[in-house]
Amino acid sequence: MLESLLDFVFPTSCAVCETPPSPLCAACTPSFGVALSWLEVTPVWYATEYSEPISRIMTAYKDQNRTALINYLAPGLKQAVAEAVQVLGECWICVPPRNRVNFKKRGFDPVARLITGCDKSVPRQLPGNTLRFHRQVRDQRRLNKPGRESNMSGSMKANPGSKRVLLVDDVMTTGSTLKECTRALSAAGYEVAGICVLAKRNL
Ligand SMILES: [Zn+2]
């Protein structure tokens with residue numbers, strides 16, 4: 083909290099190349115261009131591939147709590163959501179539940195903050211407790227693809243509902259988290275119409 087406040091009050095340095103004075107210099111500021119991919123039968127809109135410098139920016143934002151970077155990342159997510167809504171029509175945003183360990187360590191939910199950083203043009207969100215874990219999961223980052231699948235499989239539960247849903251997350255790697263979200267929401271009666279992520283990563 084203090085660090086993020088200091089980021090705003092005092093000149094800082096670029097999260098990628100460390101050149102002062104802004105949180106991201108012009109040369110390291112990513113440009114976004116929305117592209118379409120698929121996760122099984124669900125369309126996925128993403129604003130960029132997960133490569134340098136975006137991985138360093140996201141690490142600085144998520145793990146070093148450099149929240150001033152939201153202003154540089156939110157436009158990408160907003161573009162992806164806008165494209166999705168244009169194709170899908172009316173839908174509700176749902177964010178994957180957070181791993182409790184990460185949430186405790188960070189003290190904030192990076193994806194929820196990113197959505198707050200977009201403007202009112204993004205669709206409304208389902209209530210925060212709609213989709214949740216009903217058993218403990220491990221930190222996905224330490225796991226390979228089969229490990230991620232079995233870590234996530236059957237881990238979530240959703241309150242019953244019938245709305246059309248747009249899943250929104252920051253990074254899609256193997257897609258195991260988003261697949262489990264889709265499974266749990268579909269089982270509870272929702273229609274998962276699409277997925278939006280800021281960055282798509284290839285393992
Ligand atoms: Zn830079």
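Here the working numbering is used: the first residue of the sequence shown is 83, the next is one more, and so on. Where a beta carbon is used, it is the ideal one built from N, C-alpha and C, also for glycine.
Pro242 versus Phe215: straight-line alpha-carbon distance, rounded: Whole-angstrom Cα-Cα distance: 15 Å.
One or two residues paired with Phe215 in a DSSP bridge: In the DSSP output, where bridge partners are listed per residue, Phe215 has Met238.
Gln161 in three-state terms, based on DSSP: Gln161 carries a helical assignment under DSSP once its states are collapsed to helix, strand and coil.
Mind listing which residues have their beta carbon within less than 6 Å of any non-hydrogen atom of ligand 1? Chain order is fine. Listed by position in the chain, the residues whose beta carbon lies within less than 6 Å of some heavy atom of ligand 1 are Cys96, Val98, Cys99, Thr101, Cys107, Ala109 and Cys110.
Spatial neighbours of Phe114 within its chain, please: CB distance less than 7 Å, with the 5 preceding and 5 following residues excluded, ordered by chain position. Cβ neighbours of Phe114 beyond the five flanking positions: Ala129, Thr130, Pro157, Gly158 and Gln161.
Selection from Glu273, Glu100, Pro205 and Pro178 that minimises the alpha carbon distance to Ser287: Residue 287 lies beyond the range of the chain shown here (83 to 285); nothing can be said about it.
Is it buried or exposed, Ser268, if we count other Cβ atoms within 10 angstroms and call 16 or more buried? Exposed is the label assigned to Ser268, since fewer than 16 other Cβ atoms lie within 10 Å of its Cβ.
Using the three-state DSSP reduction, which class does Lys202 fall into: helix, strand or coil? Note: Lys202 maps to coil in three-state DSSP.
Val253 beta carbon less than 7 Å from that of Ala281: Result yes, Cβ atoms of Ala281 and Val253 sit closer than 7 Å.
Using C-beta distances below 6 Å, list every residue in its chain close to Val163, excluding the 5 sequence neighbours before and after it, in chain order. The residues are Val204 and Cys278.
Use the C-beta contact count for Asn233: other C-beta atoms within 10 angstroms, 16 or more gives buried, fewer gives exposed. Around the beta carbon of Asn233, a 10 Å sphere encloses 16 or more other beta carbons of the protein chains shown; the residue is thus reported as buried.
Distance between Val183 and Gly271 (C-alpha atoms, nearest Å): Taking the straight line joining both Cα atoms gives about 29 Å.
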